[in-house]
Amino acid sequence: MMPARFTRTRIDPGRRGVLTMAGVGVMAAMLAVGVALWQRPAAQPVPPLPMVRTAAAETTTAPRDAEPGATPLPQTAAAPTTTELVVSVVGLVHQAGLVRLPPGARVADAVAAAGGARAGADLTGLNLAQRLSDGDQVLVGAAPSGDTTPRLGSTTISGGTTSTGAAAGPGSARNPATPVNLNTATEPDLDTLPGVGPVTARAIISWRETNGRFTDIEQLAEVNGIGPARLERLRDLVTI
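For the sequence shown, our numbering gives the first residue as 41, with consecutive numbering after it.
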């Protein structure tokens with residue numbers, strides 16, 4: 041048992057004691073927080089990711105079943121796409137010359153692009169539904185008549201081959217059976233000669249209009265576009 045005088049005594053630290061105790065408590069709390077932060081493991085820095093360099097596309101490929109060490113095969117370039125066809129239309133049409141047509145065009149389209157066939161033209165000798173290729177030539181010849189005058193039939197020339205109508209008669213459109221008269225031939229007539237296109241045919245007619253009639257086949261050498269080799273090729277196919 042404690043004496044009664046001690047139980048009735050209250051301890052009063054005073055204002056300064058309260059402030060001191062509060063300060064000690066704050067410092068103890070700050071110290072505890074500091075210790076906790078110091079003991080926490082530090083975050084490790086993440087190393088930067090390595091850069092990935094994309095290799096350029098190879099221009100050669102090797103087959104899957106190629107043997108080790110085999111030379112890879114080069115890739116084949118894509119074939120250029122044809123956007124239009126250039127076709128020569130000559131003969132009995134209103135506007136003979138080169139026409140430009142879309143891919144898939146037919147002989148009928150080429151004749152229409154040249155202004156259509158003229159009177160007396162032979163369209164039955166042409167396959168108007170035939171598809172054309174770039175560089176083809178369509179010759180619209182004369183329709184057959186009752187006289188004995190040889191006439192050139194209609195034909196389509198493609199890649200060195202000739203598809204000739206029934207009215208063509210002997211000889212091909214590029215090698216007529218009857219020699220062409222240089223003094224009376226029209227542009228379509230001259231255009232049927234081998235190696236003579238619309239430009240050279242007009243040059244022959246221009247020479248004739250300037251100099252008069254041909255008196256010698258050798259005078260063809262004076263026409264612009266006809267050299268010795270072409271003259272030799274035409275020598276047996278023309279007459280004066």
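Virtual Cβ for every residue (Gly too), placed ideally from N, Cα, C.
* Asked: Are there 16 or more other CB atoms within 10 angstroms of the CB of Asp149, so buried, or fewer, so exposed?
  -> buried
* To do: Evaluate Ala154 with the Cβ neighbour count: other Cβ atoms within 10 Å of its Cβ, from every protein chain shown; 16 or more gives buried, anything less gives exposed.
  => buried
* **For Ala161, the residue or residues it bridges with in DSSP** => Ala182
* To do: Would you mind sorting Thr189 into buried or exposed? The rule is 16 or more other CB atoms within 10 Å of its CB.
  => Since pLDDT at Thr189 reaches only 49, below the 50 mark, its modelled position is unreliable, and the value read off the structure follows with that caveat. That one is exposed.
* Counting pairs of beta carbons, one from the segment 168–178 and one from the segment 128–136, are three or more of them closer than 8 Å? -> yes
* Arg248 in three-state terms, based on DSSP -> helix
* Between the Cα of Thr123 and the Cα atoms of Gln259, Ser173, Leu77, which residue gives the shortest distance? -> Ser173
* To do: Identify whether Leu132 lies in helix, strand or coil by the three-state DSSP scheme.
  => coil
* Is Thr240 near the ligand COA, with its Cβ less than 7 Å from a heavy atom? -> Within the structure as shown, the ligand COA is missing, as the structure has no ligands at all.
* Assigned exposure category for Pro268 - 16 Cβ within 10 Å defines buried -> exposed
* Hey, how far is the Cα of Ala169 from the Cα of Arg146? -> 6 Å
* Have a look at the DSSP bridge pairing and note the partners of Val139. => Val127
* To do: Identify, in the order they occur along the chain, each residue of the same chain with its Cβ nearer than 7 Å to the Cβ of Val151, setting aside the five sequence neighbours on each side.
  => Val129, Val133, Ala157, Val178, Val180
* **Between the CA atoms of Arg56 and Gln79 - distance to the nearest angstrom** => 35 Å
* Reducing DSSP to helix, strand and coil, say where Val236 ends up. => coil
* Asked: What's the C-alpha gap between Gly137 and Thr232?
  -> 13 Å
* Smallest Cα separation from Thr279: which of Arg270, Asn251, Gly265, Leu260? -> Leu260
* Give me the Cβ distance between Arg242 and Glu262, rounded to the nearest whole Å; I'm assuming they're in contact under 8 Å. => Arg242 to Glu262, Cβ: 15 Å. No contact.
* What's the call for Arg275, buried or exposed, on a 16-neighbour Cβ count within 10 Å? -> exposed
* When Leu59, Val126, Leu277 are compared against Thr218, the one with the closest alpha-carbon -> Leu277
* To do: Take Arg171 as the anchor and find which of Thr240, Gly160, Leu125, Arg253 has the nearest alpha-carbon.
  => Leu125
* **For Gln170, the three-state DSSP class (helix, strand or coil)** => coil
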